[in-house]
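Accompanying notes for the structure given below.
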Amino acid sequence: MPSVVVKNFENVKSEIFAESDCFMIEVRDVAKIHQSGETEVRALQGVSCHFPGQRFSFILGPSGSGKSTLLYLLGALDVPSAGEIFVQNRSLSTLNNNERDTYRREKVGFVFQNFNLLKNLNALENVLAPFLPLGVSIEQKKEAKELLEQVGLGHRITHRPSQLSGGEQQRVAIARALLKRPLLILADEPTGELDTRTGEEIFHCLRDMSEQYKTTVVIVTHDERYIRETDHILRLRDGKIAAADQPL
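Take 1 as the starting number for the sequence shown in UniProt numbering and just add one per residue.
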């Protein structure tokens, strides 16, 4: 399918990144080079791959393999040095800064290893945090409470991060990511700070929410214990694809 030229993303973003059973990401010959003084660090080198819609995908590899770099490119938190990334056949490179902000704000939910919760806000306020600059509606507040209940924190909505366990903080982060009803959730080592049992609970929560809201999930991790046979696997080594298995 040929790419569509987008003249005004703000007006047609719902059409460009509309919910779809075939939602997927395609990465075409992507490279990312970081400059450190006179030294070039090639974080990614000619990576081409795809991520199927409404599925769990895992990006695996040792430290320094380019896993997080690729994840940030998928979320438009950074731009490739070369190559293109397509979301539902639309190239992210065609978007201007405002359009990229809209893509991140409305279509992508982020879950990070260190939770990224605001210490001075309670659980409910943290879920609503991405919407605070634009104003929070009554409906959004209601949905935020419902999401916290769904992730098992209905009784903790007034607690601040310091009053929550690591697993509870990550559940708040998941609820925050889901409030926007994203097409895509990107998770960078979401269980990296958690014990095995809590990690299993977090993945169970992510899978339940993904199935309920028909969300595509891409996860960077070192830990393969949480992978199922039906999951899509991408392995990176030294910035290149080592193996891609579907299923495992």
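Backbone N, C-alpha and C define an ideal beta-carbon position, used for all residues, glycine too. Computed from a prediction, not measured in an experiment: that's the story for all the values here.
Helix, strand or coil for residue i per DSSP?
i, result
"H50", "strand"
"T230", "coil"
"L236", "strand"
"E193", "coil"
"N121", "In the sequence on display, residue 121 carries Leu and not Asn. Residue state, collapsed to three classes: coil."
"E139", "helix"
"F115", "coil"
"D223", "coil"
"S210", "helix"
"S81", "coil"
"S63", "coil"
"I174", "helix"
"K180", "coil"
"R160", "coil"
"Q169", "helix"
"T102", "helix"
"V27", "strand"
"H34", "strand"
"A43", "strand"
"C129", "The amino acid occupying residue 129 in the given sequence is Ala; Cys does not appear at that position. Residue state, collapsed to three classes: helix."
"A144", "helix"
Assuming residue i contacts residue j (C-beta within less than 8 Å), just tell me the rounded distance between them.
i, j, result
"I202", "T191", "5 Å"
"F86", "I25", "7 Å"
"L184", "Q140", "Rounded, the Cβ-Cβ distance is 20 Å, inconsistent with contact."
"L236", "G61", "4 Å"
"Q170", "P161", "Contact doesn't hold; Cβ gap of about 11 Å is too wide."
"V47", "L70", "7 Å"
By the 10 Å Cβ neighbour count, where 16 or more other Cβ atoms means buried, how is residue i classified, buried or exposed?
i, result
"T221", "buried"
"I138", "exposed"
"G154", "exposed"
"R181", "exposed"
"Q163", "exposed"
"G167", "buried"
"V108", "buried"
"A82", "exposed"
"S36", "exposed"
"V151", "buried"
"H232", "buried"
Nearest by alpha-carbon distance to residue i: which of the options is it?
i, options, result
"V127", "Q113, I227, E146", "E146"
"F56", "A242, E229, I241", "E229"
"S165", "N114, R28, D29, G83", "N114"
"G66", "I33, S93, N97", "I33"
"E189", "L44, Q163, Y226", "Y226"
"L73", "K142, Q140, V218, S63", "V218"
"E84", "V30, T158, K240", "V30"
"G64", "Q45, G167, L92, Q170", "Q45"
"I241", "I59, E40, C205, G37", "I59"
"G239", "S36, T39, A43", "A43"
"Q88", "H50, Q150, T39, L186", "H50"
"R90", "R28, T69, P130, G135", "R28"
"F112", "L92, A187, H204, I157", "A187"
Counting beta carbon pairs with one atom in the segment 194-205 and one in the segment 116-124, are three or more of them shorter than 8 Å? Taking a cut-off of 8 Å on C-beta distances, the segment 116-124 does not touch the segment 194-205, as fewer than three cross pairs fall below it.
So, does the segment 165-182 touch the segment 206-213, judging by three or more C-beta pairs under 8 Å? Contact holds: three or more Cβ-Cβ distances are below 8 Å.
Three or more C-beta pairs below 8 Å linking the segment 95-110 and the segment 67-80: Pairwise C-beta distances place the segment 95-110 in contact with the segment 67-80, as three or more of them are shorter than 8 Å.
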